[in-house]
Ligand SMILES: [Zn+2]
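Residue numbers (full-length UniProt numbering): 1 to 190.
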């Protein structure tokens, strides 16, 4: 079903595809399927799970980058970025990113909020720390260049039809699809 959904997405102009949580299936299944279709993708990784069972390894991150994919941060321990204390903000938004930057040798300026949750304070912190974009799961079309990049979550119960229906139900006439970017988070295991 995942490949069938990708076959639909490849026809949507401006689509952006992303994967949260850094599951090892990102490197084993998702990346090859994207490459086959010449689709770009961003992988939002949890620094605190790198190399653990079921998660991507440091070597996987290098391979994803070498294949042309982008890496973003999903924080350290997958906590909702809402009502976070100062220590948690530092760990989730600063330390986690630094660890990923040390491993990849690249600046990381894109984040995806765990559970799609955020509040005014967490967005202010992310801006202060120099992030250029923050991905949510608000099921709205994303405007290119906006700080908040809305996404539609695609889960294991989705079908190509349900994904297309969600895009249309977002209320945008079809002709506008060429002008917007649609972020999709795939969450088979989350
Ligand atoms: Zn997540």
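For every residue, glycine included, the Cβ atom is placed at its ideal position computed from N, Cα and C.
Using alpha carbons as the reference points, say which of the options lies closest to residue i.
i          : options             : result
residue 10 : 61, 164, 51 and 135 : 164
residue 64 : 99, 19 and 88       : 19
Alpha carbon to alpha carbon, what distance is there between residue j and residue i?
i           : j           : result
residue 61  : residue 132 : 21 Å
residue 6   : residue 45  : 21 Å
residue 68  : residue 30  : 13 Å
residue 168 : residue 147 : 23 Å
residue 185 : residue 88  : Unreliable positioning characterises residue 185 in this predicted model, as indicated by a pLDDT of 48, which lies under 50. A coordinate reading is not provided.
residue 96  : residue 134 : 15 Å
residue 100 : residue 4   : 31 Å
residue 78  : residue 48  : 8 Å
residue 22  : residue 85  : 24 Å
residue 170 : residue 160 : 16 Å
Which term fits residue i, buried or exposed, when burial requires 16 or more other beta carbons within 10 angstroms of its beta carbon?
i           : result
residue 38  : exposed
residue 32  : exposed
residue 130 : exposed
Looking at the secondary structure, which residues open and close the beta strand (DSSP E) in which residue i lies?
i           : result
residue 112 : 110–112
residue 20  : 15–20
residue 42  : 42–45
Starting from residue i and walking both ways along the alpha helix (DSSP H), at which residues does that stretch end?
i         : result
residue 2 : 2–9
Sorry if obvious, but does the Cβ on residue i come closer than 6 Å to a heavy atom of ligand 3?
i           : result
residue 160 : As far as ligands go, the structure on display features ligand 1 and does not contain ligand 3.
If residue i sits next to residue j, beta carbons under 8 Å apart, how far is it from one beta carbon to the other, in whole angstroms?
i          : j           : result
residue 74 : residue 114 : 6 Å
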